[in-house]
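Contents: one structure, followed by commentary.
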Amino acid sequence: MMFAPLLLSFLPAFQADGLPTPEPPVQHLGSYVSTLSDFDRPTAIAYGPDGRLWIHDTDSKRLVAFDEKGELVVAVGWSKASQPAGISIDGAGHAWVSDRWNHQVFEVDGEGRVLSSLGLSPEGKPELLGPEGICHRGSTLLVADRGHGRVAEYEDGKLVRSLGEGLLQEPRDVCVDSQGRVAVVDSGLASVCVFDTDGSLALRFGEYGWFPGLFSDPTAIEVHGDRWYVADCENQRIQVFGPEGEPLYRIGTHAILPREGEGKLHYPTGLALHPNGERLAVTEPMDGRVQIFGMAPGAKPQVDPARPESVQPSPHYGEHWALGGGYLVIPEPESHRLRIFDLRLVPGQDPAMISEIGGWGASLGLFRDPRGVCLTPSPLTLLVADAGNERIVEVALDLDPEKPMEQTSKAARFVRAFDLHSWNAALPVEQRLDGALRPDDVLQTPSGQRFVLLTPQRTILQFDADWEPVARIQHSREVPLVAPSGMAWNEATQELAVSDLAMGRVLVFGPDGVVRQTIGTENVRRPTGLAYDSKGTLLVVDRWQSELFSYAPDGTLLDRRFHPGIDREGLYHPTDVSVDSMGRWWILDHGNHRGMIFDGQGAWLGAFGSTLYTRPARLPNAPKSGAETE
Amino acid sequence: MKHTWLALLACSLWLGCSKGAAEGTTSPSTAKSSETGAAIAEPQATPWTWTASNAGGYWCAWRAPEGPVAMGPSFPIEIRLAKSENGPPLDLPAQALAVDARMPEHGHGMLQRVEIEALEPGHYRVVGMRLHMLGYWELWVDVTQGAITERAQFVIEL
């Protein structure tokens, strides 16, 4: 008799009619359901408590919401925020949107009216620097304050607490689990940190890499029950973890073909989890879409952390490059390496990659986030803006365009690094810049002047060749400089051109730091890369319009060329442009993972990069735009 | 014939001394061995090798006090820093130095971290070096002063 309970536990349950009770079907979240497309860089996404899916479409400046059936129920033009990075819906149905470039969080109703904002102290001083993911916990709002390396907690509009200071480096998103714990995904640490309600660190998992459980640029996090969902951007996947941070399975595989979707992912950056935990929305800003994943039959797939799911992710080109002295240098975000190309073009062949330097790390010679680069000839010197390590790195390149072309791994000699964090900390308090100084671009003039662009601080620092400060250009009420993103130097006039992504224009500064020209206000929308040709013509690529604009020295528009696409006159989110000594245009066609070469009149000469993306431009029936070398 | 051999020996000794002087190298262990007799199997420190840092901000030398570097075993090295060529020592705390070795052809470095201690002004001992592969290595000595980290580098061929 005493064994009866034990025996019963082995017997199947029976229904009233005597038939066995069917086991509920085993399911897991991760099956592709549908795609919402035709967005212009959707960067912020969240489900509301009522199941509505809210999306902020950055470049079209629209705030939209879809109901459970996928019907569009809210669509308002809303230009207050210039670079939304996070969104959270409160109990009243109001959307709270963080803005990286305006350093604030706005509360918006369904009509697009701004009801309130966070981020300024009672004295009007900024409290946030480049805020990204946000999340409600009851009446408080948690903000991933990326530039300050912390999570800022707001209650009744006031900053009441900071979490993770001293530990966090680049918090990108935040969520709250059922115990009230705060989970933060940090791309600088390549980790998830979970804080108890008292603010102590309860759990940390992940580090840099591409095996299961490791991250490369993790950007978003959600939680439901005992499952953590993390957008692992540069590994092109969503990873699912158990309660202790053990990797369980992945959602999505890397999209290889241009615009490939339906479960294939391409730089997934944002996540939204339905309140019932059965639907996951993933934003891919570069492809202008949101993919929805639902429940799939079967047990949760298991992964082996000791085995890679694939080889190291195939590298793509970064958003900046440098051309000079007969060479081209391109940073690669995934590998954290710089590729060096010899530009002695053989007709019909790509520029030859002759060397590769760097890798992920903190010591001199390694990079954690190489962004802007600059090449100057005689002697051939490379400057690298390493945002992750907050420094500018000088590299001497032992290459000679007069010698036969050869591949070498010994071309680079790392000369020195200029640490912006240490430099800033040694300044008098009143001169210090706020937050982490992560350089987005760097430029060196022929006379050795150096300019360092800091987008969140809205500042350009000028140094001499020994890194002694000379001057600084900063945002002001008189000259708004909201999101500086690219620089070009005009040696003839000694002027510095700076593109402003948020304001949609280019400002040209004289040697005295005073604005001499404002260019492109009526034409460009999201200007990124800039270059001067030998005649003083300014070339500007526009990320949103996928076009190249050229302006005469007096600022008048001369021409606009190309269109969104992948053919030989097509560009997709171009981010940089250079002019070589022969007057050829080199366009970094970032969204198409390729470089495009045109002569000085816009005739297509060649494309290089990912074969799948260059092939459409090489096809014999591709639109012809003039002389060809192939 | 005997005189010829003696002349060759003297000549080679003179050449060796001249070479060491020309490169600014000394070999204390060798001298000690000569004084106490050739039978003592003391480690033969390699000569000091000097170079200017990559931006010319300081001079740096290294040697392996326990003899030539080989693949496999862990070994110490010594580092000297000077403000200029033949100049006074560059006196910095050990924390201002970082030492590493990398194989640029293979894109990797050592498998372990080193520890650095200051012996005297401008003179440091680095413990825990280990070159685990044959081939071309670069020894990197990074010196941080204020906001600038500057590198001196040497080639080690195994």
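First to last, the sequence lines map onto chains A and B. Position 5 (the first sequence) corresponds to 18 in the working numbering; numbering is contiguous. Position 66 (the second sequence) corresponds to 70 in the working numbering; numbering is contiguous. Quick reminder that beta carbons are idealized off the backbone N, C-alpha and C, glycines included. Because the structure is a prediction, the values reported are computed rather than measured.
Residues of the segment 197 to 228 of chain A that bring their beta carbon within less than 7 angstroms of a beta carbon in chain B are absent altogether. In the three-state reduction of the DSSP assignment, Asp-158/A falls in the strand class.
For Asn-58/B, the nearest beta carbon of chain A is closer than 8 angstroms to its own beta carbon.
Here Pro-97/B has Ala-122 as same chain residues with Cβ atoms under 7 angstroms from its own Cβ, once five neighbours each way along the sequence are excluded. Asn-90/B is classed as exposed because its beta carbon has fewer than 16 other beta carbons within 10 Å across all chains shown. Around the beta carbon of Pro-314/A, fewer than 16 other beta carbons sit within 10 angstroms, so the residue counts as exposed. Under the DSSP assignment, Asn-402/A falls outside any beta strand (DSSP E); it carries neither an H nor an E label.
By the Cβ neighbour-count rule, Gly-378/A is buried, with 16 or more other Cβ atoms within 10 Å of its own. By the neighbour-count criterion, in which 16 or more other beta carbons inside 10 Å mark a residue as buried, Ser-200/A falls on the buried side.
Arg-451/A has a beta carbon lying at 8 angstroms or more from every beta carbon in chain B.
Assignment of Ala-620/A by DSSP, reduced to helix, strand and coil, places it in the strand class. Boundaries for Leu-377/A: no beta strand (DSSP E) harbours it, and the DSSP string shows neither H nor E there.
Between Trp-480/A and chain B, the shortest Cβ-Cβ separation is below 8 angstroms. Counted as a single uninterrupted DSSP element, the beta strand (DSSP E) harbouring Asn-503/A occupies residues 497 to 503. For His-603/A, the secondary structure class from DSSP, reduced to helix, strand or coil, is helix.
The C-alpha of Gly-43/A lies about 6 angstroms from the C-alpha of Ala-309/A. For Gln-157/B, DSSP records a beta bridge to Trp-144/B. If you ignore the 5 residues before and after Asp-245/A, its C-beta comes within less than 6 angstroms of the C-beta of Phe-228, Pro-231, Gln-252, all in its own chain and listed in chain order. Taking a Cβ-Cβ threshold of 8 angstroms, the residues of chain B close to Trp-436/A are Gly-150, Ala-151, in chain order.
Counted as a single uninterrupted DSSP element, the stretch harbouring Ser-435/A is not any beta strand (DSSP E) but the alpha helix (DSSP H) occupying residues 433 to 438. As DSSP reads the structure, Thr-531/A sits in a beta bridge with Leu-520/A.
Among the bridge pairs identified by DSSP, Arg-129/B is matched with Glu-82/B, Glu-121/B.
In the DSSP annotation of this structure, the continuous segment of the beta strand (DSSP E) that includes Asp-186/A starts and ends at 184 to 189. Interface with chain A (8 angstroms Cβ-Cβ cutoff): Pro-97/B is excluded. Of the residues Glu-140/A, Leu-494/A, Ser-47/A, Gln-96/A, the one whose Cα lies closest to the Cα of Lys-74/A is Gln-96/A. Sequence-distant Cβ neighbours of Glu-154/B in its own chain, meaning closer than 6 angstroms and more than five residues away, are Ser-57, Ala-59, Gly-61, Val-147.
Glu-109/B has a beta carbon lying within less than 8 angstroms of a beta carbon in chain A.
Straight across, the Cα-Cα distance linking Val-537/A with Gly-517/A is about 6 angstroms.
Beyond the five residues adjoining it in sequence on each side, His-329/A comes within less than 7 angstroms, by CB distance, of Glu-345, Pro-346, Glu-347, His-606 in the same chain, given in chain order. Under the DSSP definition of a beta bridge, His-149/A partners with Leu-154/A. Put simply, the CB of Lys-277/A is far from chain B, with every gap to its CB atoms at 8 angstroms or more.
Beta-bridge annotation (DSSP): Cys-246/A is not paired with any residue. Counting the other Cβ atoms within 10 Å of the Cβ of His-349/A gives 16 or more, which makes it buried. In terms of beta-carbon proximity, Leu-293/A stays away from the interface with chain B, with every pair separated by 8 angstroms or more. Proximity of chain B to Leu-467/A at the Cβ level (cut-off 9 angstroms) is not reached, the minimal Cβ distance being about 15 angstroms. Out of Thr-389/A, Leu-396/A, Pro-392/A, the CA that lies nearest to the CA of Pro-383/A is found in Leu-396/A.
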